[in-house]
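Right, one structure below, let's go through it.
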Amino acid sequence: MRKAFAKAMVKVASDPSLFFFTVDVGFMALEEVRDAFGDRFVNAGVAEQNLIGVSAGMAKEGYKVFSYSIAPFLYARPFEQIRNDICFSKLPVCLVGNGGGYAYGHMGPTHHALEDCAAMLALGVRVLVPAFDEDLAEIINDVTGPTYLRLGYDARPAGSLIPQYAPWRQVLDGQNGILVALGPLAGVAIAALSDCELEKRPAVWAVCELGEGAVPSEFWEKVSDVNLYLFEEHVAEGGLGMQLAYSFMKKGIQPARFHHRYALGYPSGTYGSQEFHRKQCGLDRESIKNLFLNKL
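Going by our numbering, the first residue of the sequence shown is number 392, and it counts up by one from there.
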């Protein structure tokens, strides 16, 4: 999605109220953004805490700021500055974290972002997790306060037709319960299930925004007394599954079954590709497909 994000930013670069920061990352991806933004594009160097302070300062001056880095360097290293400089003043700064979940695979846990959504939500930051490349154009135009944008990889099969962007939307029909997938895992689910018979597969919903307020009434109407399957490349603590379970309790809604798969960390104690880690957690295409083939 990095290239799709860059393309979306180039399209809005003529807006003089926008400012873009990076921290010495984004090579072979952000050059066109740099050229389009001109003096409003700044490489702040390997100094993430300073990046957040300067981003907040530019937002105080009236700019809407996009600050880009590898995800764990952006939300974990400068956590205090995000809270103090951006969140307390509710500033329009969008923290763009590339490589959510296990995306940086072989680089190991220091480069993985498995608790990022929970950490940002705890500060009151709006968390957006696009599922498909096309989602970026809509999302970047909807930044009004502290925002965390988690970029991954569009994993849907080539040629798949996707409904117009919405924070929650059904992207595949099915009659065997409901599968809720956070961000790019929606594409994995489509790839796993699109060739299954309609009555054997669940309806797939792509979730691109966390928080109860983003859930449409249509979802609440459909989920009662059906089997619910929830997949997220994020730890269970504070993630989509916990949030949704809490919402069910408040609303008095009871699915027939609540099946939750999430990032398990490193069960084998070894590191590998994103696909390797997804498979260990049951989040890969084959595991999703087998869940329904084995059930029926």
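Where a beta carbon is used, it is the ideal one built from N, C-alpha and C, also for glycine. In this text, all values refer to a predicted model and were calculated from it rather than measured experimentally.
Contiguous beta strand (DSSP E) assignments of at least 3 residues, all confined to the stretch 440 to 500: 455 to 461, 484 to 489
Assigned exposure category for Leu527 - 16 Cβ within 10 Å defines buried: Around the C-beta of Leu527, 16 or more other C-beta atoms lie within 10 Å, and the residue is accordingly described as buried.
Paired residues, beta bridge with Val433 - DSSP: Phe412
7 Å Cβ shell around Ala691 - same chain, five flanking residues per side excluded: No answer is possible for residue 691: the residues shown for the chain start at 392 and end at 687.
Paired residues, beta bridge with Asn618 - DSSP: Arg648
Touch test, the stretch 647 to 663 against the stretch 596 to 613, Cβ-Cβ under 8 Å, three pairs minimum: no
Arg669 versus Val516 - alpha carbon distance: Distance between the alpha carbons of Arg669 and Val516 is about 26 Å.
Cα-Cα separation, Leu687 to Ala583: Note that Leu687 scores 48 on pLDDT, short of 50, meaning its location in the model is unreliable; the coordinates nonetheless yield the value given after this. Rounded to the nearest angstrom, the two C-alpha atoms are 15 Å apart.
Cβ contact (3+ pairs, closer than 8 Å) linking the stretch 497 to 504 and the stretch 551 to 559: no
Buried or exposed by the 16-neighbour rule on C-beta atoms within 10 Å, applied to Glu439: The residue in question, Glu439, is buried, as its Cβ has 16 or more Cβ neighbours within 10 Å.
N- and C-terminal bounds of the beta strand (DSSP E) containing Tyr653: Neither: Tyr653 is in no beta strand (DSSP E) and is coded neither H nor E.
Endpoints, the beta strand (DSSP E) within which Tyr539 is located: 538 to 542
heavy atom of the ligand FMN below 7 Å from Gly643 C-beta: With respect to the ligand FMN, the structure offers nothing, as it holds no ligand at all.
Glu624 and Tyr493 closer than 8 Å at C-beta: yes
Cβ separation of Ala504 and Pro463, assumed to be a contact under 8 Å, to the nearest whole Å: 5 Å
Local Cβ density within 10 Å of Val387, reported as buried at 16 or more and exposed below that: Because the chain is modelled from 392 through 687, residue 387 falls outside the range shown and cannot be assessed.
Between the CA atoms of Ala572 and Glu506 - distance to the nearest angstrom: 16 Å
Close beta carbons around Val487, own chain, < 8 Å, minus the five adjacent residues each side: Phe396, Phe457, Ser458, Tyr459, Ser460, Leu465, Leu540, Leu542
Check whether Ile581 and Pro548 have beta carbons under 8 Å apart: Against a cut-off of 8 Å, the Cβ pair of Pro548 and Ile581 comes out as a contact.
Alpha-carbon to alpha-carbon, Gly536 and Ile530: The straight-line gap from Cα to Cα measures roughly 13 Å.
Buried or exposed by the 16-neighbour rule on C-beta atoms within 10 Å, applied to Met511: buried
Span of the beta strand (DSSP E), counted from its first residue to its last, around Leu563: 559 to 563
Validate contact between the stretch 674 to 686 and the stretch 583 to 592 using beta carbons, cut 8 Å, 3 pairs: Taking 8 Å as the limit for Cβ pairs, the verdict is that the stretch 583 to 592 does touch the stretch 674 to 686.
Close Cβ partners of Gly632 (< 7 Å) along its chain, the five nearest in sequence each way excluded: Leu621, Glu623, His651, Tyr653
Proximal residues to Glu525 (C-beta, below 8 Å), its chain only, five neighbours per side dropped: Ala395, Ile553, Tyr556
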